[in-house]
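Quick note: the sequence shown, position 12, residue 1191 per the numbering used here, numbers continuous. Encoded as structure tokens, the structure appears first; notes follow it.
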Amino acid sequence: MTATSIPAPRSEYTRHKNTRSKFELAAWLFMRVSGLILVILIFGHLFVNLWQGEGVQGLDFGFVAGKWASPFWQIWDLAMLWLAMLHGTNGMRTIINDYAEKPGTNVVLQLVLYIASAIVVVLGTLVIFTFDPCPVNTSAELLPTFCTA
């Protein structure tokens, strides 16, 4: 029978210290900070879109067009999109690392995740900044009522 030593009560805890990386610590911290910022962004979004206006009935093409006419709301929605996608991608990366046991499967799943996330971020960003509710050279019957033909 071997004797085991018990560390002193106030000694430093060293398990996993060698296996942790600075990236994982940064990813863990990012999840906490981005989650807090997302709560603020989402509740601000819900307040303006649902409670301040006419509720769900007031959400239509004209409402979004008017909102995205302001750079403030473009940046607000862009920050919400990017943070939500990065937060969700980081969470999925963690789940893939936990459950994909084969290295090949892990790499393929993470590659698909990163490609899908990049596509959503790029397309969402393009929609926010290139959205034009009143395109030029469009017939008047196709334009919303607030556009001047």
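By construction, the Cβ of each residue, glycine as well, lies at the ideal position given by its N, Cα and C atoms.
So, with DSSP's three-state summary, where would you put residue i?
| i | result |
| --- | --- |
| Val1189 | For the record, residue 1189 in the displayed sequence is Arg; it is not Val. Note: Arg1189 maps to coil in three-state DSSP. |
| Gly1237 | helix |
| Gln1231 | coil |
| Thr1284 | helix |
| Phe1316 | The sequence given here places Asn at residue 1316; Phe does not occur at that position. It is coil, neither helix nor strand. |
| Leu1262 | helix |
| Thr1304 | helix |
| Trp1255 | helix |
| Pro1323 | coil |
| Ala1279 | coil |
| Ala1248 | coil |
By Cβ distance below 8 Å, which residues in the same chain neighbour residue i in space, the five residues on each side in sequence not counted?
| i | result |
| --- | --- |
| Gly1223 | Trp1255 |
| Met1271 | Leu1292 |
Please identify the residue among the options whose C-alpha is closest to the C-alpha of residue i.
| i | options | result |
| --- | --- | --- |
| Phe1310 | Gly1245, Val1291, Leu1204 and Leu1220 | Gly1245 |
| Leu1220 | Leu1262, Ile1185, Asn1285 and Gly1234 | Leu1262 |
| Pro1250 | Phe1202, Ile1307 and Leu1290 | Ile1307 |
Rounded to the nearest angstrom, what separates residue i and residue j at their Cα positions?
| i | j | result |
| --- | --- | --- |
| Gln1236 | Asn1228 | 10 Å |
| Gly1234 | Thr1304 | 26 Å |
| Phe1209 | Ala1258 | 14 Å |
| Leu1215 | Ala1319 | 45 Å |
| Ala1295 | Thr1317 | 33 Å |
| Trp1252 | Gly1267 | 22 Å |
| Lys1281 | Leu1260 | 32 Å |
| Phe1226 | Val1315 | 33 Å |
| Ile1158 | Thr1183 | For the chain, the structure presents residues 1180 to 1328; residue 1158 sits outside this window and is missing. |
Are residue i and residue j close, meaning C-beta to C-beta below 7 Å?
| i | j | result |
| --- | --- | --- |
| Val1264 | Val1300 | For the record, residue 1264 in the displayed sequence is Met; it is not Val. Closer than 7 Å, so yes. |
| Ala1206 | Asn1276 | no |
| Leu1288 | Ala1297 | no |
Looking only at its own chain, which residues have a Cβ that is under 7 Å from the Cβ of residue i, when we skip the five neighbours before and after it?
| i | result |
| --- | --- |
| Cys1313 | Leu1322 and Cys1326 |
| Gly1241 | Pro1323 and Phe1325 |
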